[in-house]
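Residue numbers (full-length UniProt numbering): 1 to 81.
So, in structure tokens, the structure goes:
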């Protein structure tokens, strides 16, 4: 991550956003970034985190729709043998 504003967050895939977020965490944990840059990358990290959460929620909803099927949730009688 050479530039804090390298790519608009909303144009990133989940994997791109997660990789950049992991890089930001490593930089901040190392503690070798000057204060102003730390604030800027922390802000970018917050945006990346929100983006990742939204992408995960969207994927979760899609999987739920697939599992439920086009007709919605179905129920079957339980067999107690």
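The beta carbon of each residue, even a glycine, is placed where N, CA and C say it ideally should be.
Counting only the Cα atoms, residue 36 lies some 22 Å from residue 19. Residue 27 and residue 65 have their alpha carbons spaced roughly 39 Å apart. Unbroken alpha helix (DSSP H) runs of no fewer than 4 residues, entirely contained in the stretch 12–62, are found at 14–30, following chain order. In this structure residue 17 touches residue 48 by the C-beta definition: roughly 5 Å separates them, less than 8 Å. Your pair residue 21 and residue 45 checks out as a contact, with CB atoms roughly 6 Å apart and the cut at 8 Å. In this structure, residue 24 places its C-beta atom within 7 Å of the C-beta atom of residue 41.
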